[in-house]
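In what follows, a structure is listed as structure tokens, so that the remarks can point back to it.
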Amino acid sequence: MTETVDWLVVAEIANLGPGDSAVFAYERDGMKRQGFVLRHGDEYFAYANCCPHWYVDLDLGDERFYDAAIDRIYCKNHAATFTPRDGLCDSGPCFGRNLERFETRVVLGHLEVLIGRARELSEG
Ligand code: FES
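Numbering (numbering that gives the first Met the number 0), first residue to last: 0 to 123.
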């Protein structure tokens with residue numbers, strides 16, 4: 000079985016300060032999904048917006064994923080926390096599980112994310 004992969008342009012790095020995040024949409028297996036990118040220091044990390052506890056959005060729709068005071072990504076449903084650089088849950092009901100992580104790269108000021116079997120959603 001051949002798996003196709005696509006690099007999706009998800010953000011302009013000039014728009015992402017330290018601790019900032021941005022959401023992006025993608026499709027996999029015929030379903031619309033959402034991910035987010037986080038700038039942590041001078042690096043960028045991308046994850047699916049899907050908590051490994053109940054498989055629901057982490058952010059309850061407000062597009063805020065990171066708390067600098069505790070240096071963690073967090074889930075607003077039951078307060079699970081995840082380390083920003085590998086998405087590992089270090090506290091909460093999904094302790095020891097990971098957010099799905101996507102590879103990132105920067106090309107000419109654009110942040111791109113690699114998602115298997117995904118395609119960028121068209122506008123509208
Ligand atoms: S759904 Fe995220 S901690 Fe329960």
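Don't be surprised by glycine CBs; every beta carbon is placed ideally from N, CA and C.
Just so it is clear, the structure is predicted and the values come from calculations on it, not from any experiment.
Original post:
Going by C-alpha distance, which of Asn48, Pro17, Lys75 is nearest Glu26?
Top reply: Taking the sequence shown and counting its residues from 1, the one referred to as residue 26 is at position 27. For Glu26, the nearest C-alpha among the options comes from Asn48.
Subject >> C-beta atoms of Asp21 and Ala10 nearer than 8 angstroms >> reply: Within the sequence shown, the letter at position 22 stands for residue 21. Within the sequence shown, the letter at position 11 stands for residue 10. A small fix is needed here, since residue 21 is Ala in this sequence, not Asp. Judged by beta-carbon spacing, Ala10 lies within the 8 angstroms limit of Ala21, meaning their Cβ atoms are closer than that value.
Subject >> Status (buried if at least 16 other CB within 10 Å, exposed otherwise) for Arg104 >> reply: For the purposes of this step, residue 104 is taken as the residue at position 105 of the sequence shown. Exposed.
Original post:
Hey, how far is the Cα of Asp89 from the Cα of Gly34?
Top reply: Against the sequence shown, residue 89 aligns to sequence position 90. Against the sequence shown, residue 34 aligns to sequence position 35. Taking C-alpha positions only, Asp89 is separated from Gly34 by approximately 20 angstroms.
Original post:
Quick one: what does DSSP say Ala78 is sitting in, helix, strand or coil?
Top reply: Counting from 1 along the sequence shown, the entry for residue 78 is found at position 79. The three-state reading of DSSP puts Ala78 in coil, since its state is none of H, G, I, E or B.
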